[in-house]
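Chains as they are written, first to last, in the numbering used here: chain A, 1 to 326; chain B, 1 to 339; chain C, 1 to 81. A short write-up of the structure that comes next.
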Amino acid sequence: MNAPDESTRRLALLERMIAIREFEDGVRFLFLEGSMPGTIHQCQGQEATAVGVCAALRADDFITSTFRGHGHALAKGLTEQQLLDELFGASTGCCKGKGGSMHVGDMSKGMVPGIAIVGGGIPLAAGMALAFKMQRADRVVACFFGDGAVAEGAFHEGVNIAAIWRLPAIFVCENNLYGASTRIDLVMNNPRISDRAAAYGFFGETVDGNDVEAVYAAAARAAARCRAGDGPVLLELLTYRRTGHSRRDPCAYQPAMERKEWTARDPIDAFAARLQAEGVVDAESVERMRAQSAQRFAEAVERARAAPQPSVDELTTDVFAAEAQP
Amino acid sequence: MKRQGIAEALRDAIAEEMERDPRVFCIGEDIGVPGGWGGAFTVTLNLEKRFPDRILNTPIAELGFFGVATGAAMMGMRPIVDVQYSDFLFLASDQIINNAAKLRYMSGGQIRVPMVMRAPVGATGRGAQHAQNMERHFIGVPGLKVVAPSNAYDAKGLLKAAVRDDNPVMIFEHKLLYGSKGARAESGAVDATSDIPDDDYSVPLGEAAVLRPGRDVTIFGWLLMAHFAQQAATKLTAEGIEAEVVDVRSLSPLDWPTLVTSARKSGRALIVEEGPKTGGVGAEIAAGLAERAPKVRIARLASANIPVPFSPALENLYRPNAERIASGARRLIADGRET
Amino acid sequence: MQVEVKMPDLAATEGSDIVVKRWLIEVGAPVKRGQPLLEVETDKATMEVESIATGVLTATRAPAEEKVAVGQVIATIEAKT
Numbered sequence: 001m002n003a004p005d006e007s008t009r010r011l012a013l014l015e016r017m018i019a020i021r022e023f024e025d026g027v028r029f030l031f032l033e034g035s036m037p038g039t040i041h042q043c044q045g046q047e048a049t050a051v052g053v054c055a056a057l058r059a060d061d062f063i064t065s066t067f068r069g070h071g072h073a074l075a076k077g078l079t080e081q082q083l084l085d086e087l088f089g090a091s092t093g094c095c096k097g098k099g100g101s102m103h104v105g106d107m108s109k110g111m112v113p114g115i116a117i118v119g120g121g122i123p124l125a126a127g128m129a130l131a132f133k134m135q136r137a138d139r140v141v142a143c144f145f146g147d148g149a150v151a152e153g154a155f156h157e158g159v160n161i162a163a164i165w166r167l168p169a170i171f172v173c174e175n176n177l178y179g180a181s182t183r184i185d186l187v188m189n190n191p192r193i194s195d196r197a198a199a200y201g202f203f204g205e206t207v208d209g210n211d212v213e214a215v216y217a218a219a220a221r222a223a224a225r226c227r228a229g230d231g232p233v234l235l236e237l238l239t240y241r242r243t244g245h246s247r248r249d250p251c252a253y254q255p256a257m258e259r260k261e262w263t264a265r266d267p268i269d270a271f272a273a274r275l276q277a278e279g280v281v282d283a284e285s286v287e288r289m290r291a292q293s294a295q296r297f298a299e300a301v302e303r304a305r306a307a308p309q310p311s312v313d314e315l316t317t318d319v320f321a322a323e324a325q326p
Numbered sequence: 001m002k003r004q005g006i007a008e009a010l011r012d013a014i015a016e017e018m019e020r021d022p023r024v025f026c027i028g029e030d031i032g033v034p035g036g037w038g039g040a041f042t043v044t045l046n047l048e049k050r051f052p053d054r055i056l057n058t059p060i061a062e063l064g065f066f067g068v069a070t071g072a073a074m075m076g077m078r079p080i081v082d083v084q085y086s087d088f089l090f091l092a093s094d095q096i097i098n099n100a101a102k103l104r105y106m107s108g109g110q111i112r113v114p115m116v117m118r119a120p121v122g123a124t125g126r127g128a129q130h131a132q133n134m135e136r137h138f139i140g141v142p143g144l145k146v147v148a149p150s151n152a153y154d155a156k157g158l159l160k161a162a163v164r165d166d167n168p169v170m171i172f173e174h175k176l177l178y179g180s181k182g183a184r185a186e187s188g189a190v191d192a193t194s195d196i197p198d199d200d201y202s203v204p205l206g207e208a209a210v211l212r213p214g215r216d217v218t219i220f221g222w223l224l225m226a227h228f229a230q231q232a233a234t235k236l237t238a239e240g241i242e243a244e245v246v247d248v249r250s251l252s253p254l255d256w257p258t259l260v261t262s263a264r265k266s267g268r269a270l271i272v273e274e275g276p277k278t279g280g281v282g283a284e285i286a287a288g289l290a291e292r293a294p295k296v297r298i299a300r301l302a303s304a305n306i307p308v309p310f311s312p313a314l315e316n317l318y319r320p321n322a323e324r325i326a327s328g329a330r331r332l333i334a335d336g337r338e339t
Numbered sequence: 001m002q003v004e005v006k007m008p009d010l011a012a013t014e015g016s017d018i019v020v021k022r023w024l025i026e027v028g029a030p031v032k033r034g035q036p037l038l039e040v041e042t043d044k045a046t047m048e049v050e051s052i053a054t055g056v057l058t059a060t061r062a063p064a065e066e067k068v069a070v071g072q073v074i075a076t077i078e079a080k081t
């Protein structure tokens with residue numbers, strides 16, 4: 001039996017994963033209905049990576065994200081309302097409607113708006129960690145990227161600088177086996193991404209990315225290592241994308257058997273089952289979490305549909321910061 | 001008051017800003033190696049002795065360290081990034097153009113990127129990949145400011161203004177104007193020294209400077225061309241032609257009020273650029289002048305549309321010089337045809 | 001209440017053709033939200049389009065092999081509210 005604090009913490013992990021799944025499934029239908037502009041890159045199946053890592057961070061730690069950032073955002077503390085307003089292009093969105101799905105973020109909650117250039121956030125994260133080190137703050141930055149980003153020069157240059165300068169950065173590789181539609185073994189001879197850390201002289205490990213508690217524990221270890229000044233960590237999380245690369249992708253390149261195997265290892269089902277087996281939660285409570293998330297989503301959608309769109313006055317604002325801060 | 005060249009004036013500017021504000025730091029290749037060069041053009045020479053924790057020597061990884069500087073700036077530091085040759089900016093361009101310049105807008109105003117980038121331009125006998133004038137690739141990037149000082153006074157003042165500005169600012173410096181001494185002196189260097197005041201001062205970003213007044217023709221140039229334009233103006237005075245010389249100095253944004261006033265004064269605008277004519281900064285100046293002052297006759301004098309050649313004979317043909325600028329001015333006065 | 005099913009924006013290239021291949025549910029049959037309703041062919045691939053509502057499929061408005069435009073109403077569902 002867990003202590004009450006422990007149970008609360010574990011239930012919070014489950015709740016966040018369910019919230020992400022309900023959000024992403026709900027957004028999928030908004031797109032199908034034709035009521036939402038632009039495109040979307042979703043993360044169903046990858047909830048445990050976002051939730052496990054963010055749960056191990058403090059409120060003043062930061063994350064960088066990618067074009068597939070809705071899950072990271074909800075895990076780091078942004079609300080459904082902030083995101084939906086942004087996806088509908090409203091001026092009340094987290095980025096005033098100027099960013100969109102690929103650039104959601106909220107600096108006050110420790111999330112940099114997503115960097116949509118593959119690998120582009122990696123040197124950025126190293127730089128943020130450099131600032132923390134120079135400021136003598138014991139904050140860390142977790143940098144999310146996919147297996148596809150490992151081929152980019154930005155990965156090499158970013159992790160190398162973080163390693164030589166011992167920067168407090170956790171490089172979180174969500175390895176879902178595909179860079180867009182291309183399978184990992186076609187783009188690297190060594191598909192075990194964490195092995196690369198040794199080449200740069202820093203610590204790396206591979207963890208089951210669909211086990212939220214394993215992710216949480218590994219991220220907590222990584223954060224402690226960073227705060228102690230021991231340098232960066234390359235945390236490879238093995239997971240799977242249950243949805244298309246983007247909304248227009250039917251995933252025909254994912255073999256049926258592979259999809260089936262990974263569906264059986266769904267992170268939410270697995271953790272809910274574990275918690276039920278340990279008596280921490282019952283089936284009704286899990287269903288209640290789902291219903292509450294769905295309700296919250298539906299209410300946020302109604303508000304988002306009515307939210308104000310930016311006016312021409314806002315078109316050219318926010319390009320430059322006004323005169324310097326002291 | 002003291003007489004200094006650009007490299008010395010920049011060195012003082014960096015040191016004074018780092019003294020004034022502990023958030024300022026320098027990052028780049030070979031900028032602070034003990035016993036080293038102080039960067040390829042001596043600008044940061046010995047600064048690592050005064051500021052051991054804030055002169056960061058990087059691996060050869062422009063994309064990496066420009067991204068690192070951007071990230072540090074987002075978290076409140078104020079980096080001065082040093083690229084050894086501006087030609088290498090292409091490697092860093094994703095971080096500069098897709099990240100640094102856009103993060104404020106994409107975030108709806110949440111982010112500031114107070115980052116200064118310093119880049120040496122100009123042909124100096126090293127061949128096409130160490131010789132380009134890169135200004136054209138960075139003007140017109142929304143969210144990025146670009147300046148180009150032609151003398152030590154402006155260099156020091158603009159660097160200070162750039163450090164104190166909360167936005168990404170690219171400063172293009174010319175290799176032949178540094179006035180670096182000894183082993184790192186450049187052959188063909190031009191005197192760009194100025195009297196530098198002892199007191200703190202800055203030169204505002206966004207402003208051009210009229211270097212010399214005149215009524216017959218206006219010659220626009222920046223960096224080395226500003227100097228050659230003045231040499232051309234001296235030649236023309238002897239022929240009874242008074243040329244106004246304008247140092248464009250701020251390439252993005254362009255200082256339209258100053259540029260237009262000067263162009264209208266003479267009604268003839270000769271825009272001189274080191275770099276291929278097609279798609280250069282001169283093209284933007286020409287178009288902007290044509291829109292705002294349609295009665296002004298405009299001509300551009302620039303390099304041929306070729307990569308920079310090595311042979312000194314060809315390199316001298318590549319770059320506009322005082323003689324060709326004076327010819328261009330005479331031709332514009334005569335009939336305004338393309339030079 | 002009657003829900004209109006509009007063709008979602010699934011083509012990879014702007015303005016390229018989307019062609020109805022086959023309906024997976026018969027008119028008059030029940031359908032659940034999320035259940036595949038029809039197959040379409042885009043310039044990228046053959047894809048399934050899921051139903052956006054739970055209820056009964058009351059009409060289909062685009063037969064097999066017909067090209068449809070994004071936003072065009074292709075079916076109606078009498079939805080359970």
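Where a beta carbon is used, it is the ideal one built from N, C-alpha and C, also for glycine. As the structure is a prediction and not an experimental result, all values here were calculated from the model.
The alpha helix (DSSP H) spanning residue i covers which residue range?
{"i": "D43/C", "result": "Premise fails: D43/C is in no alpha helix (DSSP H) and is neither H nor E."}
{"i": "P267/A", "result": "P267 to A277"}
{"i": "A214/A", "result": "V212 to R227"}
Hey, how far is the Cα of residue i from the Cα of residue j?
{"i": "E86/A", "j": "G99/A", "result": "7 Å"}
{"i": "Y178/B", "j": "N133/B", "result": "16 Å"}
{"i": "V5/C", "j": "V70/C", "result": "11 Å"}
{"i": "R23/B", "j": "D60/A", "result": "19 Å"}
{"i": "P326/A", "j": "D166/B", "result": "Note that P326/A scores 49 on pLDDT, short of 50, meaning its location in the model is unreliable; the coordinates nonetheless yield the value given after this. Those two C-alpha atoms are separated by around 10 Å."}
{"i": "Q112/A", "j": "V312/A", "result": "Here residue 112/A turns out to be Val, not Gln, going by the sequence shown. Taking the straight line from one Cα to the other gives about 26 Å."}
{"i": "L84/A", "j": "A300/A", "result": "7 Å"}
Any beta carbon of chain A sitting closer than 8 Å to that of residue i?
{"i": "P8/C", "result": "yes"}
{"i": "N167/B", "result": "yes"}
{"i": "A69/C", "result": "no"}
{"i": "A62/C", "result": "no"}
{"i": "M47/C", "result": "yes"}
{"i": "T44/B", "result": "no"}
{"i": "K80/C", "result": "no"}
{"i": "G71/B", "result": "yes"}
{"i": "E26/C", "result": "no"}
{"i": "K32/C", "result": "no"}
{"i": "Q95/B", "result": "yes"}
Under 8 Å, Cβ to Cβ, is there at least one residue of chain C near residue i?
{"i": "G229/A", "result": "no"}
{"i": "E157/A", "result": "no"}
{"i": "A12/A", "result": "no"}
Could you check if residue i is buried or exposed, using at least 16 other CB atoms within 10 Å of its CB as the buried criterion?
{"i": "D106/A", "result": "buried"}
{"i": "A72/B", "result": "buried"}
{"i": "Y201/B", "result": "exposed"}
{"i": "R50/B", "result": "exposed"}
{"i": "D147/A", "result": "buried"}
{"i": "V40/C", "result": "buried"}
{"i": "D247/B", "result": "buried"}
{"i": "Q84/B", "result": "buried"}
With respect to the beta strand (DSSP E) encompassing residue i, which residues constitute its N-terminal and C-terminal limits?
{"i": "Q309/A", "result": "Where Q309/A is concerned, there is no enclosing beta strand (DSSP E), given that its DSSP letter is neither H nor E."}
{"i": "H174/B", "result": "V169 to H174"}
Would residue i count as contacting chain B if we go by Cβ distances under 8 Å?
{"i": "K76/A", "result": "no"}
{"i": "F320/A", "result": "yes"}
{"i": "P113/A", "result": "yes"}
Would you call the stretch 147 to 157 of chain B and the stretch 97 to 104 of chain B in contact, with 3 or more CB pairs under 8 Å?
no
Contact between the stretch 207 to 222 of chain B and the stretch 243 to 262 of chain B (3+ Cβ pairs under 8 Å):
yes
With three or more beta-carbon pairs closer than 8 Å as the criterion, would you say the stretch 43 to 50 of chain A touches the stretch 259 to 278 of chain A?
yes
Within the chosen definition, does the stretch 264 to 280 of chain B reach the stretch 295 to 314 of chain B through at least 3 CB pairs nearer than 8 Å?
yes
Stretch pair the stretch 58 to 75 of chain B + the stretch 86 to 99 of chain B: three plus CB contacts closer than 8 Å
yes
Can you find at least 3 beta carbon pairs, one from the stretch 55 to 66 of chain C and one from the stretch 257 to 264 of chain A, that sit closer than 8 Å?
no
When Cβ atoms are compared, which residues of the stretch 120 to 135 of chain B fall closer than 9 Å to chain F?
Absent here is chain F; the protein component of the structure consists of chains A, B and C.
Specify whether the stretch 88 to 104 of chain A and the stretch 302 to 314 of chain A touch according to this definition: at least 3 beta carbon pairs, one from each stretch, less than 8 Å apart.
yes
Should the stretch 164 to 179 of chain A be called in touch with the stretch 225 to 234 of chain A, which here means at least 3 C-beta pairs below 8 Å?
yes
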